[in-house]
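A.B. asks:
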Amino acid sequence: MPTPIPDNALNVCEAAARAGGRVLLDWVGRFGVTHKGPRDVVTEADFASQREIRRILLDAFPEHGFVGEEALPEHAAEAGRPAAPLRWLVDPLDGTSNYVHGFPAWCSSVALAAGDEILVGAIYDPTLDECFTAERGGGAFLDGRRIGVAGTASLAEALVAVSFPAHVDVASTAVADFLAVLPRAHSIRRTGSTALNLAWLACGRLDAFWVRRIAAWDVAAGLVILREAGGCLGGFGAAADPTAAPEWVDVPLDHPAFVAASTPALLGELRQVLA
87 MPTPIPDNAL NVCEAAARAG GRVLLDWVGR FGVTHKGPRD VVTEADFASQ REIRRILLDA
147 FPEHGFVGEE ALPEHAAEAG RPAAPLRWLV DPLDGTSNYV HGFPAWCSSV ALAAGDEILV
207 GAIYDPTLDE CFTAERGGGA FLDGRRIGVA GTASLAEALV AVSFPAHVDV ASTAVADFLA
267 VLPRAHSIRR TGSTALNLAW LACGRLDAFW VRRIAAWDVA AGLVILREAG GCLGGFGAAA
327 DPTAAPEWVD VPLDHPAFVA ASTPALLGEL RQVLA
């Protein structure tokens, strides 16, 4: 039986995503940078955005759990608490490297989930002042206007996005995947923001997207938005008949990996290539 969606959850989710994005805009040009790795940076803006998002969500729903990308020191003691039935999954800044370099492809992503069931989601792009939202069973929207995926059915006609891990070896599966798809797709993009890839697929700007290793907070909001926009999603591995690919296969949020596309035919073809 589907989990009931709390009253006003989507409105609070959108408000939190927009507030986090506004914090990020306010920090542009005045943050310092610390390094988690050679090519993976985090800024004070991450922490400020997550604090504001957390405040809005838990003020409205204090009984809910909260899982954010950044481990804020003031909440370290919460790590050992029992998991709440409903949890917010938050990436306060998806596309950190883009943000640091002034490249306009970054956002705040907020979703509410019960286990692996995503109930509501919001992705806010402050650069374009666009907010993508969805509630399970209620359709997907961009700034209040209903959106849907494109009708692209062939990889040769598709604009495809990919997410690479932070550290990519030349002999990695990520590179092999890229080289397999490159000659078959119309074009490939690596935007640096998984959440925006899913949002743009949901509204028809992209036709397909794949990722083998990612975190739940990067994809949770985007998955419910894509599903409500009519998107298709499957696992890796070729279907026996690529034209009969399943329209949607739920992925475990603890280890999300998937191939997404605008139509079943395109999903099946891309899965064949990535197999």
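Offset between the sequence shown (1-based) and my numbering: plus 86.
Every residue gets a Cβ at the ideal spot worked out from N, C-alpha and C, and that includes glycine.
Please read these numbers as outputs of a predicted model, since none were measured by experiment.
Indicate the three-state DSSP secondary structure (helix, strand or coil) for G354 in the structure shown.
C.D. replies: Numbered from its first residue, the sequence shown carries residue 354 at position 268. Reduced to three states, the DSSP call for G354 is helix.
A.B. asks: Can you tell me whether P88 is buried or exposed, with buried defined as 16 or more other CB within 10 angstroms of its CB?
C.D. replies: In the sequence shown, residue 88 corresponds to position 2, counting from 1. Under this definition P88 is an exposed residue.
A.B. asks: If you reduce the DSSP assignment to three classes, tell me which class V128 lands in.
C.D. replies: Walking along the sequence shown from the start, residue 128 turns up at place 42. Strand, per DSSP.
A.B. asks: To which residues of the same chain is F250 closer than 7 Å at the C-beta, ignoring the five residues directly before and after it?
C.D. replies: Position 164 of the sequence shown, counted from the start, is the residue given in the question as residue 250. Closer than 7 Å at the Cβ level, and outside the excluded window around F250, lie A260, R276.
A.B. asks: How big is the Cα-Cα spacing for V202 and S273?
C.D. replies: If you number the sequence shown from 1, residue 202 lands on position 116. If you number the sequence shown from 1, residue 273 lands on position 187. First, the residue type needs correcting, since residue 202 is Asp and not Val in the sequence shown. If I take the Cα positions, the gap works out to 32 Å.
A.B. asks: Give me, in chain order, the residues of the same chain whose beta-carbon lies closer than 8 Å to that of S240; leave out the 5 immediate sequence neighbours on both sides.
C.D. replies: If you number the sequence shown from 1, residue 240 lands on position 154. Result list for S240: A351, L352, E355, in chain order.
A.B. asks: Around the Cβ of D336, are there at least 16 other Cβ atoms within 10 angstroms (buried) or fewer (exposed)?
C.D. replies: By 1-based counting over the sequence shown, the position of residue 336 is 250. By the 10 Å Cβ count, D336 comes out exposed.
A.B. asks: Between P124 and F133, what straight-line distance do the alpha-carbon atoms span, to the nearest angstrom?
C.D. replies: On the sequence shown, position 38 is the one that residue 124 refers to. On the sequence shown, position 47 is the one that residue 133 refers to. With a pLDDT of 45 at P124, under the threshold of 50, the modelled position of that residue is not reliable, and the figure given next carries that caveat. Rounded to the nearest angstrom, the two C-alpha atoms are 20 Å apart.
A.B. asks: Please name the residue in W296, Q358, G115, R137 whose C-alpha comes closest to that of S194.
C.D. replies: Position 108 of the sequence shown, counted from the first residue, corresponds to residue 194. Measuring from the Cα of S194, the nearest candidate turns out to be R137.
A.B. asks: What would DSSP say about G106, mapped onto helix, strand or coil?
C.D. replies: Residue numbering aside, residue 106 sits at position 20 when the sequence shown is read from its first letter. G106 falls in the helix class under three-state DSSP.
A.B. asks: Tell me which residues share the same chain as E155 and place their Cβ nearer than 6 Å to its Cβ, disregarding the 5 neighbours each side in the sequence.
C.D. replies: Within the sequence shown, residue 155 is the residue found at index 69, counting from 1. Taken in chain order, the residues that qualify are D177, W303.
A.B. asks: Starting from G207, trace the beta strand (DSSP E) in both directions and tell me its first and last residue.
C.D. replies: To locate residue 207, count along the sequence shown from 1; it is residue 121. It spans 203-211 - the beta strand (DSSP E) in which G207 sits, taken as one unbroken run.
A.B. asks: Taking a contact to mean a Cβ-Cβ separation below 8 Å, would you say V426 touches G316 in this structure?
C.D. replies: In the structure as shown, the chain begins at 87 and stops at 361. Residue 426 is therefore absent and cannot be evaluated.
A.B. asks: Under the three-state reduction of DSSP, which class applies to E216: helix, strand or coil?
C.D. replies: Taking the sequence shown and counting its residues from 1, one reaches residue 216 at position 130. Note: E216 maps to strand in three-state DSSP.
A.B. asks: With distance defined between alpha-carbon atoms, name the residue in G107, L96, F322 nearest to T213.
C.D. replies: Sequence index remark: in the sequence shown, residue 213 carries index 127 (1-based). Closest option to T213, Cα to Cα, is G107.
A.B. asks: Could you tell me the alpha carbon to alpha carbon distance between H253 and R299, rounded to whole angstroms?
C.D. replies: Indexing the sequence shown from 1 puts residue 253 at position 167. Indexing the sequence shown from 1 puts residue 299 at position 213. C-alpha of H253 to C-alpha of R299: approximately 12 Å in a straight line.
A.B. asks: Residue ranges of each alpha helix (DSSP H) run of no fewer than 4 residues wholly in the stretch 288-317, ordered along the chain?
C.D. replies: Qualifying alpha helix (DSSP H) stretches, in chain order: 302-314.
A.B. asks: Opposite E221 in the DSSP bridges: which residues?
C.D. replies: Position 135 of the sequence shown, counted from the first residue, corresponds to residue 221. Partner(s): V206.
A.B. asks: Run through DSSP, which three-state label would F264 get?
C.D. replies: The residue given as residue 264 occupies position 178 in the sequence shown. Of the three classes helix, strand and coil, the one that applies to F264 here is helix, per DSSP.
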